[in-house]
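First comes the structure, then the notes that go with it.
Protein chains in written order, with the working numbering: chain A, 397 to 507; chain B, 2 to 116.
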């Protein structure tokens, strides 16, 4: 019940295309859903986050879509660029600062 | 602020040796986390501290692993004795607790190779 399931494991998208990464959870007590971005040789860094009282949050080319009834949320990267190539992690928490992490998605943007 | 500082960045050791990883969190942060990342298991939380006190160490894989936080600006993760399956990247992260969730800031990691 504490798991966050992330898919796909890897994703290849052409430059300019839309990248979509999906996550699902079971614990309805989760109240904060961040996405972290990790470049090779670096630690993860917060990209964007959402609370369950909104269905969508957009920051530049990055959008989180949240479906509370389905217990799913997804990251959309519009106009994907080679610089977006990284590993993306979804996560969830009940506010105790302890994140429950997805398994990660390795995204490759082909020029 | 310099961010979360970890040392060493790379460590190569032989099986059976003691390994000590170090972390300096961001000043003022009261939560500190130790993670391990491998291809097979992804990002795993090993232990976290609040105000220098260990809160949850259920992720520590074995008694060979131990972590301490003697003060607000320093933490260590020790593996003794080390084994080849401990090879991974170990991250330290810190955050400021409060009424609402705050971003975890990660260090650059320590890549550990146990031969």
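In this text, a Cβ means the ideal position worked out from N, Cα and C, and glycines have one as well.
- In the displayed model, residue 404 (chain A) falls within coil according to three-state DSSP, outside both helix and strand.
- Separation of residue 494 (chain A) and residue 55 (chain B) (C-alpha to C-alpha, rounded to the nearest whole angstrom) is 13 Å.
- Under the three-state reduction of DSSP, residue 37 (chain B) is assigned to strand.
- For residue 500 (chain A), the neighbours in chain B by C-beta distance under 8 Å run, in chain order, 43 and 44.
- For residue 404 (chain A), same chain residues with a beta-carbon under 7 Å away, outside a window of 5 residues either side, are 501 in chain order.
- Annotation: residue 487 (chain A) to residue 402 (chain A) spans about 9 Å, alpha carbon to alpha carbon.
- Interface with chain A (7 Å Cβ-Cβ cutoff): residue 110 (chain B) is included.
- Annotation: residue 455 (chain A) to residue 107 (chain B) spans about 21 Å, alpha carbon to alpha carbon.
- The segment 413 to 458 of chain A is shown to contain whole beta strand (DSSP E) runs of 3 or more residues at 415 to 421, 429 to 434, 441 to 446 and 452 to 455, in chain order.
- Secondary structure remark: continuous beta strand (DSSP E) runs of at least 3 residues inside the segment 45 to 108 of chain B, in chain order: 54 to 57, 66 to 72, 75 to 80 and 89 to 96.
- When Cβ pairs closer than 8 Å are counted between the two stretches, the segment 14 to 23 of chain B is seen to touch the segment 71 to 82 of chain B, the count reaching three or more.
- As DSSP reads the structure, residue 487 (chain A) sits in a beta bridge with A:497.
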